[in-house]
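Undergrad: Sharing a structure with you now.
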Amino acid sequence: AQSVTQPDIHITVSEGASLELRCNYSYGATPYLFWYVQSPGQGLQLLLKYFSGDTLVQGIKGFEAEFKRSQSSFNLRKPSVHWSDAAEYFCAVALSGGSYIPTFGRGTSLIVHP
Amino acid sequence: NAGVTQTPKFQVLKTGQSMTLQCAQDMNHNSMYWYRQDPGMGLRLIYYSASEGTTDKGEVPNGYNVSRLNKREFSLRLESAAPSQTSVYFCASNRGHQDTQYFGPGTRLTVL
Numbered sequence: 010a011q012s013v014t015q016p017d018i019h020i021t022v023s024e025g026a027s028l029e030l031r032c033n034y035s036y037g038a039t040p041y042l043f044w045y046v047q048s049p050g051q052g053l054q055l056l057l058k059y060f061s062g063d064t065l066v067q068g069i070k071g072f073e074a075e076f077k078r079s080q081s082s083f084n085l086r087k088p089s090v091h092w093s094d095a096a097e098y099f100c101a102v103a104l105s106g107g108s109y110i111p112t113f114g115r116g117t118s119l120i121v122h123p
Numbered sequence: 027n028a029g030v031t032q033t034p035k036f037q038v039l040k041t042g043q044s045m046t047l048q049c050a051q052d053m054n055h056n057s058m059y060w061y062r063q064d065p066g067m068g069l070r071l072i073y074y075s076a077s078e079g080t081t082d083k084g085e086v087p088n089g090y091n092v093s094r095l096n097k098r099e100f101s102l103r104l105e106s107a108a109p110s111q112t113s114v115y116f117c118a119s120n121r122g123h124q125d126t127q128y129f130g131p132g133t134r135l136t137v138l
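Residue numbers (the numbering used here), protein chains in the order written: chain A, 10 to 123; chain B, 27 to 138.
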């Protein structure tokens, strides 16, 4: 079965600093990969997704993620964090060619200091 | 377009009580899902409906039942609520294979 690991429960950065949130998956073939953001008291919103093609994916709100097959990783990055980016971030993995039911990581909480 | 709507937003139950969480989508999506979110656990799939008339168990189905009433609506029922079912419940929908999931705002349920 597929699994998703987000090794960092909390990440703290200063406003304006760069950000990288880690995501590793366990699955033999190339899965579909997603990053979602959840603001306090809200549902999840898709930031970006990777199905195939260019391994560097651009998303909304200035986020990008890079798929690295050799490392089974799909890390999320942003060059300059804004205070409004403080939220919970979830990586998700779905089986390509399967039922497309994503498995979610446990989430990383981003704290932004002024 | 309201997207995915959920009712109620908050609910407090006593152990043993029953209730139904409602979910509706106006995007003509084929597939709908129910997740629960617990601190440090991410989202876990309870049940899903790949298309109207079908439902399947997810990772944590025990203690729940679902009904895909029509293409728009997918309800989640707790027949006899337990404190372990205290959680935030999210409904989601998508067109199907490869499509982005769209989430509702969630229902915060407390079982005393």
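A virtual CB, placed ideally from N, CA and C, is assigned to each residue, including glycine.
#1: Buried or exposed: where does Ser16(A) fall if 16 or more other Cβ atoms within 10 Å of its Cβ makes it buried?
#2: For Leu95(B) and Asn120(B), I'd like the C-alpha separation in whole angstroms.
#3: Going by DSSP in three states, Asp94(A) sits in which element: helix, strand or coil?
#4: Distance cutoff 8 Å, beta carbons only. Does Phe129(B) sit that close to anything in chain A?
#5: I want to verify the contact list: residues of chain A whose CB lies under 7 Å from the CB of Gly68(B), in sequence order.
#6: What number of angstroms, rounded off, separates the C-alpha of Phe36(B) from the C-alpha of Ala28(B)?
#7: Check whether chain A comes within 8 Å of Thr126(B), counting only Cβ atoms and requiring the distance to be less than that.
#8: Run through DSSP, which three-state label would Arg98(B) get?
#9: How would you write the range of the beta strand (DSSP E) that Asp144(B) sits in, first residue to last?
#10: Leaving out the 5 sequence neighbours to the left and right, which residues in its chain are closer than 8 Å to Trp92(A) when beta-carbon positions are compared?
#11: Taking C-beta pairs closer than 7 Å, name the residues in chain B that Gly52(A) reaches, listed in chain order.
#12: According to DSSP, Asp82(B) sits in a beta bridge with which residue or residues?
#13: Does DSSP put Gly71(A) in a helix, a strand or coil?
#14: What did DSSP end up calling Ser48(A) once you bin it into helix, strand or coil?
#15: Tell me which same chain residues have a C-beta within less than 6 Å of the C-beta of Glu29(A), skipping the five on either side of it?
TA: Taking the coordinates as given:
#1: Checking the sequence, you will find Pro at residue 16(A) rather than Ser. Exposed, by the Cβ-count rule.
#2: 16 Å
#3: helix
#4: yes
#5: Phe99, Phe113, Gly114, Arg115 and Gly116
#6: 19 Å
#7: yes
#8: coil
#9: The shown model of chain B, from 27 to 138, leaves out residue 144(B), and the question about it has no answer.
#10: Glu24, Val121 and Pro123
#11: Phe116, Phe129, Gly130, Pro131 and Gly132
#12: Tyr74(B)
#13: helix
#14: coil
#15: Asn84 and Arg86
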